[in-house]
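Below: one structure, written as structure tokens.
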DNA sequence: GATATAATTGAGACTGAATCTCATTCTCAA
DNA sequence: TTGAGAATGAGATTCAGTCTCAATTATATC
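Put into structure tokens, the structure is as follows:
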């Protein structure tokens, strides 16, 4: 059982930061949103609900969530960032359809292992990686 | 022997476009620049040489170069695009140092093959892919 | 509960990359 | 040489994301 709020609280405490109404609203929205969301989308969703949170705070909170390992910032080739929650999810990468925009997740342990090998060869300390494959999904090809 | 100008000309012809002084200047600069360059950098380099080309034209030309397969647009996590010439180069991906910004290229046929498998499984038609590994290089770790 | 202090927020200004507009200039085929 | 379409450049515009700063809020302590 994963507890995003607890995880976030622990992170905030370690940095002497506070869990505010706004941060909690962002966290909940991100965590219960399936898939990949955009910051701008988030401002609208939250506004339509009871809790409006300013754009500045949304960006600031997303950064905290990324930092705390709850959320991952990804680039799907749209010229702006997307975010997905990763706490309790296994690592995956993406197939991105250039026509309909659909995003298919995949996991491949072998690729991960080969990447680790490559880093070792260059004495490179991996922090994160992204594998994006762009093309056309089975419905759009 | 690779002939970028010829390749570009062929592409332009096929689209009923013209090889102008400005387009040629951009192509040459990109092609003879080693590694990964930024659009803004390009405006400065070209200005300092004899041939000044407007920002608009530089962006427009880079798009044509990408389209014609001479150049690849890549995201090195800097919040803006980089470009590298790929004509006559074997495909590669990148290790990006988060501290010094160094970019190390690598090629791995096995990873490529595994990616092809993944696409087949989802009946996904691959057009391009990017693999970026972020971390610290041997001098910065 | 009151208070102090440091953290937090929001509005809106700002930045920087990239795109768009449109009047002017250029290219090239006829 | 000329005309039509293509191309260019200056500057306006867009858009994501960041910054500023005055006003507000959370939490620890009294």
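Chains as they are written, first to last, in the working numbering: chain A, 1 to 141; chain B, 142 to 282.
We put the CB at the ideal spot given by N, CA and C, even for glycine.
In the DSSP secondary-structure assignment, residue 223 (chain B) is bridged to B:215. The residues 74, 76, 82, 83, 84 and 103, in chain order, have a CB closer than 8 Å to that of residue 36 (chain A) in the same chain once the five nearest residues on each side in sequence are set aside.
As computed with DSSP, residue 132 (chain A) is found in a beta bridge with A:94 and B:271. Below the 8 Å Cβ cutoff, chain A contributes no neighbours of residue 172 (chain B), its closest Cβ being approximately 24 Å away. Following the DSSP letters along the chain, one finds residue 105 (chain A) inside the beta strand (DSSP E) bounded by residues 103 to 106.
Around the beta-carbon of residue 173 (chain B), fewer than 16 other beta-carbon atoms lie within 10 Å, marking it exposed.
Not a single C-beta of chain A is nearer than 7 Å to the C-beta of residue 195 (chain B).
Excluding the 5 residues flanking it on each side, residue 241 (chain B) has same chain C-beta neighbours closer than 8 Å at 278, 280 and 281, in chain order.
Secondary structure of residue 9 (chain A) (DSSP, three-state): helix. In terms of Cβ geometry, residue 88 (chain A) and residue 267 (chain B) do not form a close pair [threshold 7 Å]. For residue 189 (chain B), the enclosing alpha helix (DSSP H) stretches over residues 180 to 189.
For the segment 102 to 120 of chain A, the set of residues with a beta-carbon nearer than 8 Å to any beta-carbon of chain B comprises 104, 106, 108, 110, 111, 114, 115, 118 and 119, in chain order.
Of the candidates B:260, B:239 and B:274, the residue whose Cα lies closest to the Cα of residue 117 (chain A) is B:274. Interface criterion not met: the Cβ of residue 241 (chain B) is under 7 Å from no Cβ in chain A. For the C-beta of residue 279 (chain B), the chain A residues within less than 9 Å are, from N- to C-terminus, 122, 123, 124 and 125.
Taking a cut-off of 8 Å on C-beta distances, the segment 186 to 199 of chain B does not touch the segment 149 to 158 of chain B, as fewer than three cross pairs fall below it. Listed in chain order, the positions of the segment 191 to 224 of chain B with a beta carbon within less than 7 Å of a beta carbon of chain A are 216.
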